[in-house]
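Right, one structure below, let's go through it.
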Amino acid sequence: MAKVGKVAAGTAANLAQGSWDVAKARAGDIKEAAMDRIGETTGGKIAAAIKARSDQQPAFGSDSLAKADDQSVDAEAEIAAFRDRAARSS
515 MAKVGKVAAG TAANLAQGSW DVAKARAGDI KEAAMDRIGE TTGGKIAAAI KARSDQQPAF
575 GSDSLAKADD QSVDAEAEIA AFRDRAARSS
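In structure tokens form, the structure reads like this:
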């Protein structure tokens, strides 16, 4: 009798897991279909164009984090101003 109970419990667990897997796959299919429909709207096309532009790599010069070509900033002066800021504010 205990063996029958274990088999029934195992069967119920497998059915529950299978149902969950099917529901999860179905939800994924629904989401994918909705994303396809959204992608065809004007807003979806605008979003795709923005994403395509943001995927392009910016052209940074030398070791600068700025895209500007202006190199007129004195790095040593910037470092000194940052380092000495506490002394000026006291």
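For the sequence shown, this note's numbering begins at 515 and goes up steadily by one. Ideal Cβ placement from N, Cα and C applies to all residues, glycine included. Only a predicted model underlies this, so the values are computations on that prediction, with no experimental measurement involved.
Residue range of the unbroken alpha helix (DSSP H) whose run includes Thr525: Reading the sequence shown from its first residue, position 11 is the one you call residue 525. Here the alpha helix (DSSP H) through Thr525 covers 516 to 553.
Ala566 beta carbon less than 8 Å from that of Gly553: Counting from one through the sequence shown, the residue named residue 553 turns up at place 39. Counting from one through the sequence shown, the residue named residue 566 turns up at place 52. Against a cut-off of 8 Å, the Cβ pair of Ala566 and Gly553 comes out as no contact.
Rounded straight-line distance, which links the Cα of Arg551 to that of Val536: What you label residue 536 is simply residue 22 of the sequence shown in a count that begins at 1. What you label residue 551 is simply residue 37 of the sequence shown in a count that begins at 1. Take the alpha-carbon of Val536 and the one of Arg551: they are about 23 Å apart.
Alpha carbon of Ala516 to alpha carbon of Ala526, nearest angstrom: Here residue 516 refers to the residue found at position 2 when the sequence shown is read from its first residue. Here residue 526 refers to the residue found at position 12 when the sequence shown is read from its first residue. Cα-Cα distance, rounded: 15 Å.
Contacts around Gly558, its chain only, beta-carbon distance under 7 Å, and the 5 residues preceding and following it disregarded: Within the sequence shown, numbered from 1, the residue matching residue 558 stands at position 44. Ile552, listed in sequence order.
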